[in-house]
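A.B. asks: If you scroll down you'll find the structure; I have some questions about it.
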Amino acid sequence: DRDDWLYSSLPNRNVQGKKVAIFGVGDSASYSEYYCDAAGELYDQFVKAGAKVYGFVSTEGYEHSASKAEKDGKFVGCMFDEDNQYDLSEERANKWVQQLKDE
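In terms of full-length UniProt numbering, the sequence shown is numbered consecutively and its last residue is 103.
As structure tokens, this is what we get:
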């Protein structure tokens, strides 16, 4: 399984109290019900290992039906859709970086 490296190695890393920011890239049209799921799986692993996740982003303006990366109405980081919303990527990235600096 391609995810084995993450799930087997992350618990052995010392990320307790470390600051983490997550981003994801997905196709919200073709994979609307799985949009950026891997970012949500990363989030779960980092939180389980004691890391502090920063950079939550509102889901407003995103076109998807479901995502493991969505927690309490926000994404666990900045999500990008270079297939369908490429024109929003630069603005989203710039806002997110500024948000991370402020957090």
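C-beta atoms are modelled at their ideal positions from N, C-alpha and C, and glycine is treated no differently.
With DSSP run on the structure shown, which of helix, strand or coil describes F56?
C.D. replies: DSSP places F56 in coil when its eight states are reduced to three.
A.B. asks: Whole angstroms are fine: how far does the CA of K68 sit from the CA of F80?
C.D. replies: When rounded, the distance between both Cα atoms is 15 Å.
A.B. asks: Leaving out the 5 sequence neighbours to the left and right, which residues in its chain are closer than 6 Å to Q16 when beta-carbon positions are compared?
C.D. replies: If we look at Q16 and ignore the five residues flanking it on each side, its Cβ neighbours are G50.
A.B. asks: Starting from A29 and walking both ways along the beta strand (DSSP E), at which residues does that stretch end?
C.D. replies: Unbroken run through A29: none, as it is neither H nor E.
A.B. asks: Starting from G77, follow the beta strand (DSSP E) in both directions and report where the run begins and ends.
C.D. replies: Its beta strand (DSSP E) spans residues G77 to F80.
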